[in-house]
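Participant:
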Amino acid sequence: MESQDYNPFEALSEIALTINTLLDPTEVLARVLKVAVETLDAERGFVLLHRPADDELFEVRSQYNISPEQLGEIVRISTSVVREVLDSGQPVLVFETESDNRYGSSESIVVEKIQSIACVPLRRKKQQIGAIYLDSVTRRGRFTPTHLPFLSAVANQAAVALENAELYQSLRDENRRLRSEVQRMHGFEGIIGQSAAIRDVFETMTRVLDTSATVMLSGESGTGKELVARAIHYNGERKDHPFVAVFCGSLPESLLESELFGHRKGAFTGATSDKKGLFEAAHRGTIFLDEVSELSPRMQTSLLRVLQEGEIKRVGDESTRRVDVRVISATNRPLKELVGEKEFRDDLYYRLNTIEIELPPLRQRRPDIPLLANHFLDKYAVGSRDYVNGFTPDALEALRSYSWPGNVRELENTIERAVVLARGDSIHADDLRLPTDDSVLPAETGLPLKEMERRYVLQTMESYEGNVTATAEALGVSRRWLHYRLKEWESRDE
Ligand SMILES: Nc1ncnc2c1ncn2[C@@H]1O[C@H](COP(=O)(O)OP(=O)(O)OP(=O)(O)O)[C@@H](O)[C@H]1O
Ligand SMILES: [Mg+2]
Numbered sequence: 224m225e226s227q228d229y230n231p232f233e234a235l236s237e238i239a240l241t242i243n244t245l246l247d248p249t250e251v252l253a254r255v256l257k258v259a260v261e262t263l264d265a266e267r268g269f270v271l272l273h274r275p276a277d278d279e280l281f282e283v284r285s286q287y288n289i290s291p292e293q294l295g296e297i298v299r300i301s302t303s304v305v306r307e308v309l310d311s312g313q314p315v316l317v318f319e320t321e322s323d324n325r326y327g328s329s330e331s332i333v334v335e336k337i338q339s340i341a342c343v344p345l346r347r348k349k350q351q352i353g354a355i356y357l358d359s360v361t362r363r364g365r366f367t368p369t370h371l372p373f374l375s376a377v378a379n380q381a382a383v384a385l386e387n388a389e390l391y392q393s394l395r396d397e398n399r400r401l402r403s404e405v406q407r408m409h410g411f412e413g414i415i416g417q418s419a420a421i422r423d424v425f426e427t428m429t430r431v432l433d434t435s436a437t438v439m440l441s442g443e444s445g446t447g448k449e450l451v452a453r454a455i456h457y458n459g460e461r462k463d464h465p466f467v468a469v470f471c472g473s474l475p476e477s478l479l480e481s482e483l484f485g486h487r488k489g490a491f492t493g494a495t496s497d498k499k500g501l502f503e504a505a506h507r508g509t510i511f512l513d514e515v516s517e518l519s520p521r522m523q524t525s526l527l528r529v530l531q532e533g534e535i536k537r538v539g540d541e542s543t544r545r546v547d548v549r550v551i552s553a554t555n556r557p558l559k560e561l562v563g564e565k566e567f568r569d570d571l572y573y574r575l576n577t578i579e580i581e582l583p584p585l586r587q588r589r590p591d592i593p594l595l596a597n598h599f600l601d602k603y604a605v606g607s608r609d610y611v612n613g614f615t616p617d618a619l620e621a622l623r624s625y626s627w628p629g630n631v632r633e634l635e636n637t638i639e640r641a642v643v644l645a646r647g648d649s650i651h652a653d654d655l656r657l658p659t660d661d662s663v664l665p666a667e668t669g670l671p672l673k674e675m676e677r678r679y680v681l682q683t684m685e686s687y688e689g690n691v692t693a694t695a696e697a698l699g700v701s702r703r704w705l706h707y708r709l710k711e712w713e714s715r716d717e
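At position 62 of the sequence shown the residue is numbered 285 (the working numbering), and the sequence of numbers has no breaks.
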């Protein structure tokens, strides 16, 4: 007797639709098993698969309606059936177990009162990879030969979907491994990027590593200045000595002075003992002067003296002490302009600026955006969220075209939040919660439209590092159109 809603075609098409989109082998198995059990009105089931790298051993990789305590027992008593399927490569049906000659005598089946069993092999390219087992304890003759084509079709589908999912996983792992390999070969650990702009940065960093030249890092907020400062220190010859970071803007002048240079006991109220300053603490290492543009004129003068003499004087002390410290400074205000406005000493500026490394804003190195996004995805999609494993094409496009005023820091925060908001295994564009961008138009108004078009196109082109295909895609125009315009502007400029 068939259950009333036995509909193998519907079930098969459901399997085809759902399991081919699943990318996790465990989920594939669970879904297949559930559909098979429900369609055939079985009560329980499990899927056995080869242990990787062991031809003889099979293990249960998915189960339905079987508690962990029952599992061992059921596997044990079904061994004879499963063995036959695996050995013969043929499906086996046991209906009316008590009268079936082959198994009627098998005491264990009688004991558990399993009335019917259906078991089909899982094959991949003629090779046995496992089996799907279903049973019923309530009805004899639950499974009949008419069910076999359906079950075999399910098994075939399952084997294909499983192979897809396994392939996908191994590609993903390989991809991750290669990504970090490439990164190690062409950059600094933890600094992601392969755009021409960031490679220039790596190149300069490499050249200053084993020198003590002062380095000035400039760039908008969140572009990675501190990250680069640390990388220079930890990859250079001073790495076994301290890296000391100082926020020049956070303390009033007098405190900052004693922080940096130390003080003598009694030098001022509260100076209850001698104290070493940060310059001394950083001896033979690196001091990182963050927001150096915030230094008061007096501090600028003291700092200049340290840089020129290589020695410091603790506050309230007459004697000087030699310090060997490499200075890396950072600013997100255009220091050169401050020099022009006499807010920053030009002699100090030149001292700090022996080597300048300018960190490009993210919108000028768009090829790095997907790399960074994936890097942060790997970082935040962990623990209970590790099923989040990619971006939809729309989401990637949104990431690529946004202007990122807060640069890499903003991108990192965006991905961290999106991982929390994502409802499936992919991050969608609306999970990103990107503000609507209205800053794309030039600040200038009253420009002829043609001219605005020219500037906007060239600016976009620059941000894609001259890549015509990517630029055309971002602008929603054809490559031909873009080539044509570029030619036109070129000839006009001549
Ligand atoms: N190329 C990069 N690869 C990976 N992470 C990056 C990169 N650039 C920046 N980050 C990350 O972005 C965040 C901001 O970087 P960082 O603090 O170095 O910026 P900053 O330039 O010092 O910013 P601010 O001027 O606001 O102090 C950090 O979490 C950092 O790890
Ligand atoms: Mg910083």
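In this text, a Cβ means the ideal position worked out from N, Cα and C, and glycines have one as well.
Check whether the Cβ of T637 lies closer than 7 Å to any heavy atom of ligand 1, and answer yes or no.
Facilitator: T637: no, Cβ never under 7 Å from ligand 1.
Participant: Determine the closest residue to H598 out of P628, D570, N636, with distance taken between C-alpha atoms.
Facilitator: Measuring from the Cα of H598, the nearest candidate turns out to be N636.
Participant: Give the secondary structure of K488 by DSSP, where H, G and I count as helix, E and B as strand, and everything else as coil.
Facilitator: If DSSP states are grouped into helix, strand and coil, K488 belongs with coil.
Participant: By the three-class DSSP mapping on this structure, what secondary structure does D570 have?
Facilitator: The answer is helix: DSSP assigns D570 an H, G or I state.
Participant: Measure the C-alpha to C-alpha separation of S285 and L271 and round it to an integer number of angstroms.
Facilitator: Each residue's alpha carbon lies about 7 Å from the other.
Participant: Can you tell me whether DSSP reads S359 as helix, strand or coil?
Facilitator: Strand at S359.
Participant: Our contact map puts P275 next to S375 with C-beta atoms below 8 Å; I'd like the distance itself, whole angstroms only.
Facilitator: In fact, because the Cβ distance is near 25 Å, the residues do not count as touching under 8 Å.
Participant: Should W627 be labelled buried (16 or more other beta-carbon atoms within 10 Å of its own) or exposed?
Facilitator: W627 should be labelled buried.
Participant: Report yes if the C-beta distance between A265 and S359 is below 8 Å; otherwise report no.
Facilitator: Contact: yes.
Participant: Could you name the residues, in chain order, whose CB is less than 7 Å away from a heavy atom belonging to ligand 2?
Facilitator: Working through the chain, the matches are K448, E449, D513, A553.
Participant: So, at 8 Å on beta carbons, what are the nonlocal neighbours of A454 in its own chain, with the 5 sequence-adjacent residues on each side left out?
Facilitator: The answer, listed in chain order, is F411, E412, G413, I414, M428.
Participant: Can you tell me whether S686 sits near ligand 1, meaning its C-beta is under 7 Å from at least one heavy atom of the ligand?
Facilitator: Because no heavy atom of ligand 1 lies under 7 Å away, the Cβ of S686 does not count as near it: no.
Participant: Three-state secondary structure (DSSP) at G268?
Facilitator: Residue state, collapsed to three classes: strand.
Participant: Quick one: Cα of D540 to Cα of R608, how far?
Facilitator: For D540 and R608, the distance between alpha carbons rounds to 57 Å.
Participant: Please give me, in chain order, every unbroken run of the alpha helix (DSSP H) with length at least 4 that falls completely inside the region 419-465.
Facilitator: Listed in chain order, they are 419-431, 448-457.
Participant: Measuring alpha carbon to alpha carbon, tell me which of R708, D601, S649 ends up nearest R400.
Facilitator: Of the listed residues, the one whose Cα sits closest to R400 is D601.
Participant: Touching or not, the region 544-557 and the region 502-513, by the rule of three or more beta carbon pairs under 8 Å?
Facilitator: The region 544-557 is in contact with the region 502-513.
Participant: Grouping DSSP H, G and I as helix and E and B as strand, with all else coil, what is K217?
Facilitator: Outside the shown range of the chain (224 to 717) lies residue 217, about which nothing can therefore be said.
Participant: Please tell me whether, using a cut-off of 7 Å, the distance from the CB of T249 to the nearest non-hydrogen atom of ligand 1 is below it.
Facilitator: No, the Cβ of T249 stays beyond 7 Å of every heavy atom of ligand 1.
Participant: Can you give the Cα-Cα distance for A253 and T241, rounded to whole angstroms?
Facilitator: Cα-Cα distance, rounded: 12 Å.
Participant: What number of angstroms, rounded off, separates the C-alpha of D423 from the C-alpha of E581?
Facilitator: In a straight line, the C-alpha of D423 is about 9 Å away from that of E581.
Participant: Measuring only the C-alpha atoms, how far is V251 from Q380?
Facilitator: Roughly 10 Å separates the two Cα atoms.
Participant: Under 8 Å, with one C-beta from each stretch per pair, do the region 562-581 and the region 438-445 reach the 3-pair mark?
Facilitator: Yes: at least three Cβ pairs fall under 8 Å.
Participant: Going by DSSP in three states, T249 sits in which element: helix, strand or coil?
Facilitator: Looking at T249 - three-state DSSP - the assignment turns out to be helix.
Participant: What are the start and end residues of the alpha helix (DSSP H) that includes D310?
Facilitator: Segment 302-311, the alpha helix (DSSP H) holding D310.
Participant: Assign E564 to buried or exposed, taking buried as 16 or more other Cβ atoms, counted over all protein chains shown, within 10 Å of its Cβ.
Facilitator: That one is exposed.
Participant: Cβ of V469 within 8 Å of Cβ of F511?
Facilitator: Going by C-beta atoms, V469 is nearer than 8 Å to F511.
Participant: Please report the straight-line C-alpha distance between V451 and V631, rounded to a whole angstrom.
Facilitator: Those two C-alpha atoms are separated by around 13 Å.
Participant: Which word fits P593, buried or exposed, when buried means at least 16 other C-beta atoms lie within 10 angstroms of its C-beta?
Facilitator: Burial call: exposed.
Participant: From the DSSP secondary-structure annotation, give me the bridge partner or partners of Y287.
Facilitator: For Y287, which the question treats as bridged, DSSP gives the partners G268.
Participant: Take the Cβ of V334 as the centre, count every other Cβ of all protein chains shown within 10 Å, and call the residue buried at 16 or more, exposed below.
Facilitator: Confidence is the limiting factor: at V334 the pLDDT is only 47, short of 50, which leaves the residue's position unreliable and the question unanswerable from this model.
Participant: Since Q351 and L309 are thought to touch, with beta carbons under 8 Å apart, how far apart are those beta carbons, to the nearest angstrom?
Facilitator: That pair is a contact at about 6 Å.
Participant: Would DSSP call S375 helix, strand or coil?
Facilitator: Three-state result, S375: helix.
Participant: Just to confirm, are H486 and V529 a CB contact at a threshold of 8 Å?
Facilitator: Contact flag unset, no.
Participant: Would you kindly report the start and end of the unbroken alpha helix (DSSP H) that includes T692?
Facilitator: First-last of the alpha helix (DSSP H) with T692: 691-698.
Participant: Does the beta carbon of V631 fall short of 7 Å from some heavy atom of ligand 1?
Facilitator: Yes - ligand 1 has a heavy atom lying nearer than 7 Å to the Cβ of V631.
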